[in-house]
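Numbering (the UniProt record's numbering), first residue to last: 1 to 166. Ideal placement from N, C-alpha and C gives every residue a C-beta, glycine not left out. To keep things clear, I will list the structure first and then write my remarks on it.
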Amino acid sequence: STLILDAISENRLVVLCGPPGSGKSMVIENLTASLPSWDIIRINFSSTTTSDDLLRYLLQRCDYKKGPNNLFLCPKTNRNLIIFCDEINLSNRDQYGTQSAICLLRQLLELKGFYRRDRIWVKLERIKFVAACNPPSYIGRSNLIGKFLRHTFILYVDYPSHDCLQ
């Protein structure tokens, strides 16, 4: 928990990687439940997830706020927001080899904002990201690109041992 919270506070994307059923999602949900000033949105990635889908989820829980020099995207509540991207390595590549949802996520992490369609820069405020994925060796999974991974903190979550379950 401490490693995950430290990485989140440093604006690093925490990616929990491990086999199906190893408890990755449960770790994230239990962690965020213990943070009273945080809300969580779970986005289940699929092979068809696009950057538009990711933005749509953000806009459902966030509002634009005008600052003196910037436009901000902030959670609708006064609480902080964690976007939990589950199965992050399921999205397919387009004809250029790009995963648009991953590219947008990388931009949000690297630049802490995005350009709207009307070319206005929007800065994120009080929004953090965590993710989970299965290893790329599993069917239907793809490798995440290095440009994206350099912004992440990857933790491997394996099945709990028999002793741990007792």
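- The DSSP-derived three-state label of Y159 is coil.
- When the alpha-carbon of F114 is set against those of L54, S91, K147, S37, the nearest one is in L54.
- Excluding its 5 nearest sequence neighbours in each direction, S37 has C-beta neighbours in its own chain below 8 Å: R79, N80, listed in chain order.
- Partner residues in the beta bridge of C85, as assigned by DSSP, are I43, A131.
- Less than 8 Å divides the Cβ of L109 from the Cβ of H151.
- According to the DSSP assignment, K112 belongs to no alpha helix (DSSP H), since it is labelled neither H nor E.
- Contact annotation: L90 and I120 have beta-carbon atoms that are not nearer than 8 Å.
- Residue environment analysis places K112 among the exposed positions, since fewer than 16 neighbouring C-beta atoms fall within 10 angstroms of its C-beta.
- I40 and E10 have their C-alpha atoms some 18 Å from each other.
- A contact is defined here as three or more CB-CB pairs under 8 Å, and the segment 8-25 meets this definition with respect to the segment 123-135.
- Judged by beta-carbon spacing, T50 lies beyond the 8 Å limit of S1, meaning their Cβ atoms are not closer than that value.
- Secondary structure at K76: coil, using DSSP grouped into helix, strand and coil.
- In the DSSP assignment, D52 falls within the unbroken alpha helix (DSSP H) covering 51-61.
- Ranked by how close their Cα comes to the Cα of G21, the residues P160, Q166, K66 have P160 in first place.
- Beta-bridge partners of F153 (DSSP): V14.
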